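Written out below as structure tokens is the structure these notes cover.
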Amino acid sequence: MSRPLLRRTALVAAALTTAGALAACGSGDAGSSAAGSSPASRAGSGFPVTVSTAFGDVEVEEEPQRVVALGWSDAETALALGVQPVGASDWLAFGGEGVGPWAEGLYDEAPEVVETLEPSLEAIAALEPDLILDTRSPATQERYDSLSAIAPTIGQPEGVDPYLTTWQQQLDLVGQALGRTDEAEQLRGDLVQRFADAAAAHPEFDGTEVAVGAFSSEGFGAYVRGDTRVDFMETLGFTNKPAIQDLATESFFVPVSDEQVSLLDAPLTVVFPIFVDPSLITGSPLWQTLGSVQQGNAVLLDDETLANAFSSGSVLGTEYALDNAVPLFAEALRD
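Here the sequence shown stands for residues -23 to -1, 1 to 312, where the numbers follow mature numbering (1 follows the signal peptide of the UniProt record, and there is no 0).
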């Protein structure tokens, strides 16, 4: 799988085909704080603010009134903080307002949808933004320079590779830029506690090796640390399978050839489809060779909403995944 296709699929798609969402469903508090809140529903008192990014310090002089959210999950993060972007990219191809079912209803007016990898600068400028969020994206200097010529642009944190901004870092950056640091801290604390509660409720997760993979028209692949899905599992106490982790490069995804498919065999295997029917996985002779499949210790995330939530890397999507994926993992380990 070529790197451009890999990134397009593993990121943009890697939650689409069977993927799912963000989790406004399980996040009543976050959802209620965002719902009905306009971009300038409250007067900001802490401006100007300076946000440190990989491209240098960015000063936001006044509370943003017109926000364009271009990075993966940036729009959903802004919504969780009570701010409705006027423009946003739809990385998981949800359509409509460009957010998952968990965040539906948080907009008073649907945003202008902007392309993901090559957004139209003219379309963005026409929205007259006073802030652009691009915290999880291709993160090239050229992209940043073009966007920052339109409005102050918040890129990824210093030292973080493209697409690898964590949900914590994203929440911090967006919270600072929007003047919603208190709200961001509250959301962060709540989600950290939810992870802790889930891990405590399932001590069997602690130290258990997991293989997290995907299947597309290119075949199987596996994820390594730095990817949101692996981070999700390790926060619950799982350990990414060392044989997979040893193959890690600068990418977060490792192609798995037919001859290497045994890499996906682990005490717990979690796989989802990317732009293919789930039956192509269950009907694959290679899939059937895995010991974890034969023993009932494999979880196929064939529900689109859940798979997208698992891949979202956002506060709301992660909450949804905790509510709905954790029981599947626990059930597989009981078999």
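All C-beta atoms, glycine included, are put in the ideal place defined by N, C-alpha and C.
Quick caveat, the model's predicted, so the values are computed rather than measured.
Exposed unless 16 or more other CB atoms sit within 10 angstroms - verdict on residue i
i	result
L257	exposed
S169	The identity of residue 169 in the sequence shown is Val, whereas the question assumes Ser. So V169 ends up on the exposed side.
residue 313	Residue coverage of the chain in this structure runs from -23 to 312, which leaves residue 313 outside it and unanswerable.
A57	buried
P262	exposed
T54	buried
residue 328	Any answer about residue 328 is impossible in this case: the structure gives the chain only from -23 up to 312.
G59	buried
L299	buried
P304	exposed
residue 314	Absent from the model: residue 314. The displayed extent of the chain is -23 to 312, so no value can be given.
P219	exposed
S228	buried
T27	exposed
E40	buried
S29	exposed
S234	exposed
E281	buried
Q147	buried
G72	exposed
A244	Rather than Ala, the amino acid found at residue 244 in this sequence is Pro. Buried.
S269	buried
P180	exposed
T117	exposed
Where residue i falls: helix, strand or coil (DSSP)
i	result
D204	strand
F209	helix
N217	strand
S198	A small correction: the amino acid at residue 198 is Gly; Ser does not occupy that position in the sequence shown. Three-state result, G198: strand.
S66	strand
G132	coil
D279	coil
E236	helix
E105	coil
V60	coil
G294	helix
residue 318	Residue numbering for the chain in the displayed model covers -23 to 312; residue 318 lies beyond these limits and cannot be assessed.
A(-1)	Low per-residue confidence applies at A(-1): pLDDT is 26, beneath 50, and the placement is therefore not dependable, though the value from the model is reported in the following sentence. Coil at A(-1), not helix or strand.
G190	strand
P304	helix
F71	coil
F230	strand
V151	helix
A225	coil
residue 315	The shown model of the chain, from -23 to 312, leaves out residue 315, and the question about it has no answer.
First and last residue of the uninterrupted alpha helix (DSSP H) at residue i
i	result
L257	256 to 259
D161	Position check: residue 161 holds Ala in this sequence, whereas Asp was assumed. Taken as a continuous stretch (DSSP letters only), the alpha helix (DSSP H) holding A161 covers 158 to 178.
L124	118 to 125
T143	Taken as a continuous stretch (DSSP letters only), T143 belongs to no alpha helix (DSSP H), as it is neither H nor E.
T266	262 to 266
Anticipated Cβ contact below 8 Å, residue i with residue j, distance rounded
i	j	result
W49	T295	That pair is no contact at about 13 Å.
A176	F182	6 Å
P250	F192	5 Å
P106	V44	6 Å
A31	Q133	5 Å
First through last residue of the beta strand (DSSP E) which encompasses residue i
i	result
T30	26 to 30
D85	Run containing D85: none; DSSP gives neither H nor E here.
G33	33 to 37
L245	245 to 250
V76	Looking at the DSSP string, V76 is not in any beta strand (DSSP E), and its letter there is neither H nor E.
Heavy atom of the ligand NAD within 7 Å of residue i beta-carbon
i	result
F306	This structure does not include the ligand NAD; it has no bound ligands of any sort.
> Is it a yes or a no for the stretch 129 to 144 touching the stretch 75 to 82, going by three-plus beta-carbon pairs under 8 Å?
Replying inline: Verdict: no, contact absent.
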